[in-house]
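Notes follow the structure.
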Amino acid sequence: MLEDLDQLSTRIAQLVQLTQHVRAENQALRDELGKRDVRIQQLRDTVEMAQIRVDDVLARLPGKPPEAADGADADAASAADTDTDIDLDDVQADDADGDWAEARTDADTDPSLSDEAGHGVRSAHGTP
Numbered sequence: 001m002l003e004d005l006d007q008l009s010t011r012i013a014q015l016v017q018l019t020q021h022v023r024a025e026n027q028a029l030r031d032e033l034g035k036r037d038v039r040i041q042q043l044r045d046t047v048e049m050a051q052i053r054v055d056d057v058l059a060r061l062p063g064k065p066p067e068a069a070d071g072a073d074a075d076a077a078s079a080a081d082t083d084t085d086i087d088l089d090d091v092q093a094d095d096a097d098g099d100w101a102e103a104r105t106d107a108d109t110d111p112s113l114s115d116e117a118g119h120g121v122r123s124a125h126g127t128p
């Protein structure tokens, strides 16, 4: 009878220890999830800022904007006739604070942002 109680006591102690371990692991996972949610929001904000900058650069290109063209044929004709020389000094001036380069570097070096095959996120130029 005492032996059974000792076994039961040992088993209960093991279950308590396991429960504490699972709770600690659960909390760690919640913390990690929260950090990833914050990182995802930062990346979304970076993408939004980049889109605004791209739209600004596109708006400064000479020629008729695609939104103002009449129909798909007009879009193609407008794109073919448009001078697409971009002054890189203007683009670099837009990125004087380094946000674009930093965002690409963060995305490429953060292992949590790799695809299922384990490949890192690639930049627009196809380089990690």
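For the sequence shown, position 42 matches number 42 in the UniProt record's numbering, and the numbering has no gaps at all. Beta carbons are placed, not taken as given, at the ideal position from N, Cα and C, and that holds for glycine.
To the nearest angstrom, how far is the alpha carbon of residue i from that of residue j?
i     : j     : result
Gln17 : Ala24 : 11 Å
Leu33 : Ala59 : 39 Å
Leu8  : Asn26 : 26 Å
Glu3  : Leu15 : 18 Å
Gln39 : Arg11 : The sequence shown places Arg at residue 39, rather than the Gln named in the question. Distance between the alpha carbons of Arg39 and Arg11: 42 Å.
Leu29 : Val22 : 10 Å
Thr19 : Leu5  : 21 Å
Gln42 : Arg53 : 16 Å
Arg44 : Gln51 : 10 Å
Leu61 : Met49 : 19 Å
Can you list, in chain order, the residues of its chain with a C-beta nearer than 6 Å to that of residue i? Leave out the 5 residues immediately preceding and following it.
i     : result
Asp31 : none
Less than 8 Å between C-beta atoms, sequence neighbours within five positions excluded: which residues of the same chain meet that for residue i?
i     : result
Ala13 : none
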